[in-house]
Structures are given as C-alpha cells and as structure tokens.
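Throughout the sequence shown, residue numbering follows UniProt numbering, covering 1 to 217 in sequence. Glycine is no exception: its CB is placed at the ideal position from the N, C-alpha and C atoms. Model, not experiment: these values are computed from the prediction. Structure, as structure tokens:
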Amino acid sequence: MSEHSHQPTEEEVARMFEPEGWEERYSGEEKVWSGDPNPQLVAEAARLTPGTALDVGCGEGGDVIWLARQGWTVTGADFSANGLARAARHAEQAGVADRTDWWQIDARAFEPGGRSFDLVTSHFLHPPDGRMVEVTRRLAGAVAPGGHLLVVGHAPSEVFAHLSAAQHKAMFLAEELLPGLPEDFKVLVAEQRPRTITRGERTMDVEDATLLARRRP
Numbered sequence: 001m002s003e004h005s006h007q008p009t010e011e012e013v014a015r016m017f018e019p020e021g022w023e024e025r026y027s028g029e030e031k032v033w034s035g036d037p038n039p040q041l042v043a044e045a046a047r048l049t050p051g052t053a054l055d056v057g058c059g060e061g062g063d064v065i066w067l068a069r070q071g072w073t074v075t076g077a078d079f080s081a082n083g084l085a086r087a088a089r090h091a092e093q094a095g096v097a098d099r100t101d102w103w104q105i106d107a108r109a110f111e112p113g114g115r116s117f118d119l120v121t122s123h124f125l126h127p128p129d130g131r132m133v134e135v136t137r138r139l140a141g142a143v144a145p146g147g148h149l150l151v152v153g154h155a156p157s158e159v160f161a162h163l164s165a166a167q168h169k170a171m172f173l174a175e176e177l178l179p180g181l182p183e184d185f186k187v188l189v190a191e192q193r194p195r196t197i198t199r200g201e202r203t204m205d206v207e208d209a210t211l212l213a214r215r216r217p
C-alpha cells in the first residue's frame with residue numbers, strides 16, 4: 001500500500017487488492033520493490049534451521065531469494081503472473097534458481113493441496129475487508145508439524161492517515177490474527193515492532209504487526 005499524489009478513487013483502491021491491479025503494476029520494466037528482505041523475516045528466520053519454505057505474496061521475490069541464500073528450498077507464491085515472472089528472473093540472476101519454484105495462488109482461496117513446509121511466511125499481504133484472519137488460517141494449514149508460521153503486516157498508524165478507509169481496514173494488529181491459528185499452534189511472538197522507513201524524501205516511523213507461531217510436532 002504505497003503513497004499516492006492524489007486521493008485514489010474507490011475503483012482504483014479496489015484494483016489495489018486484486019490480481020489485475022498487480023499485473024498492471026508489475027507490467028513495466030522498473031523494479032517496484034527494493035529487493036531487500038523484510039526485516040522481520042531476517043530477524044526470525046535467521047534463528048531457524050533451513051528446510052522448506054513457502055512465501056505467500058512473494059511479489060518480485062526478495063524474501064524468496066534471501067531464504068534461498070540461507071539454505072532454504074523455497075516456493076514463492078503470488079496471484080500475479082507478472083510478479084512471479086519477475087521473481088523467477090531475479091532468482092536466476094541471484095544464482096538461486098535451483099533452490100526456488102513458483103506457485104500462482106490467491107491467498108484468499110489458498111489450499112495447500114497436501115503440501116507442507118517447515119516455514120510459511122507472508123509479508124505485507126493485506127486482503128480487503130479485514131480478511132487476514134481467514135488468510136492466516138489458510139496459511140497455517142500449510143505448516144508442517146514442528147514448523148513455523150510468520151505473518152507480518154502494517155499496523156494501523158497515523159502516518160497512513162492519507163490512505164483510504166478500505167486500505168485502513170486491511171491493516172491489522174498481530175493479536176487480531178490469533179483466532180486464525182489452529183489449536184495445535186503455540187504463539188511465540190504477537191506484537192507490533194517499530195521500524196523507520198523512507199518513502200522518497202520522507203522518513204516515517206511505522207510498526208510491523210508480527211505474528212510468529214510454531215506448530216506442535
């Protein structure tokens with residue numbers, strides 16, 4: 001959810017949440033994201049023994065590439081075919097194509113289909129209408145026994161006051177996701193972590209809603 005120079009219309013906001021909007025966003029030549037891994041992924045996954053990982057909402061693949069470089073075998077998932085094509089290209093350029101594969105899915109209707117992973121992670125995936133609890137439940141279904149689930153998103157903040165009501169409704173606090181965890185998960189972290197970000201020439205203090213849970217072996 002990036003800043004805009006004008007207040008977007010309801011139609012423009014709606015497209016931000018759908019595959020068509022992201023296909024368009026990823027259709028150009030320039031990178032949309034920095035390619036750097038998300039800080040909370042680095043903080044938590046660096047403590048884990050590498051195994052298999054699923055990154056849902058992988059975009060251009062920055063987190064997938066970082067995990068692969070740490071020794072994980074990673075599946076990057078996104079609902080944008082253009083985004084996945086970019087991610088695969090970036091993984092090839094980074095020399096980790098042999099440790100990555102790609103899966104086109106919509107997190108809102110995601111079913112693991114019998115697949116399970118030692119780490120399932122999602123960063124700044126914000127489905128509309130507060131549906132992140134349901135998405136968390138779906139992601140948890142892909143976590144292998146003894147594995148971890150890491151979900152990170154934007155917590156509501158005054159720095160996002162310029163955004164639309166729909167965008168605000170898509171944000172969440174970590175503890176709001178807890179109803180989406182099955183009973184065999186133990187919560188390890190459920191908190192808002194402060195972070196400083198730069199958008200253009202503007203520096204802002206934000207909070208990352210961070211949920212880390214482990215499935216019982």
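- prompt: Are the beta-carbon atoms belonging to Arg-108 and Pro-128 less than 7 Å from one another?
  reply: no
task: Taking Lys-186 as part of the beta strand (DSSP E), name the residues at either end of that continuous run.
output: 185-199
- request: Could you name the residues of the same chain whose beta carbon sits closer than 8 Å to that of Ser-5, not counting the 5 residues immediately before and after it, in chain order?
  value: Caution applies to Ser-5, whose pLDDT of 41 falls short of 50 and renders its modelled position unreliable; the value that the coordinates give is listed next. Correct list: empty, nothing qualifies.
message: Looking at Arg-137: is its Cβ nearer than 7 Å to the Cβ of Phe-110?
response: no
message: Quick check for students: name the residue ranges of the alpha helix (DSSP H) that lie wholly in the segment 56-81, counting only runs of 4 or more.
response: 62-69
message: Tell me the residue span of the alpha helix (DSSP H) that contains His-162.
response: Here His-162 belongs to no alpha helix (DSSP H), and DSSP marks it neither H nor E.
CB of Leu-212 within 7 Å of CB of Leu-188, strictly: yes
Backbone CA spacing between His-154 and Ala-209 [nearest angstrom]: 6 Å
field: Residues sharing a beta bridge with Phe-124, DSSP
entry: Beta-bridge pairing links Phe-124 to no other residue.
field: Cys-58 vs Ala-87 beta-carbon contact at 7 Å
entry: yes
task: Please classify Gly-130: is it buried, with 16 or more other beta-carbons within 10 angstroms of its beta-carbon, or exposed?
output: exposed
- request: Alpha carbon to alpha carbon, how far is Asp-55 from Asp-184? Give it in angstroms, no decimals.
  value: 21 Å
message: Cutting at 8 Å between CB atoms, please list the residues of its own chain near Gly-146, excluding the five before and the five after it.
response: Asp-118, Arg-214, Arg-215, Arg-216, Pro-217
- prompt: When DSSP labels each residue in this structure, what does Met-171 get in the three-state scheme?
  reply: coil
Residue range of the unbroken beta strand (DSSP E) whose run includes Ala-46: Run containing Ala-46: none; DSSP gives neither H nor E here.
- prompt: Terminal residues of the continuous alpha helix (DSSP H) containing Leu-181?
  reply: Note, Leu-181: premise wrong, no alpha helix (DSSP H); not H, not E.
message: Can you tell me which residues form a DSSP beta bridge with Val-143?
response: Phe-117
- request: Select from Glu-60, Gly-61, Tyr-26, Ala-68 the residue whose C-alpha is nearest the C-alpha of Thr-52.
  value: Ala-68
field: Neighbourhood of Ala-97 by C-beta distance below 6 Å, restricted to the same chain and skipping five residues each side
entry: Ala-91
- request: Please name the residue in Ser-122, Met-171, Ser-157, Glu-20 whose C-alpha comes closest to that of Thr-75.
  value: Ser-122
message: On the criterion of 16 or more Cβ atoms from any shown chain inside 10 Å, does Asp-78 qualify as buried, or is it exposed?
response: buried
- prompt: Roughly how many whole angstroms lie between the Cα atoms of Asp-36 and Gly-114?
  reply: 31 Å
field: Beta-ladder partner(s) of His-90, from DSSP
entry: Beta-bridge pairing links His-90 to no other residue.
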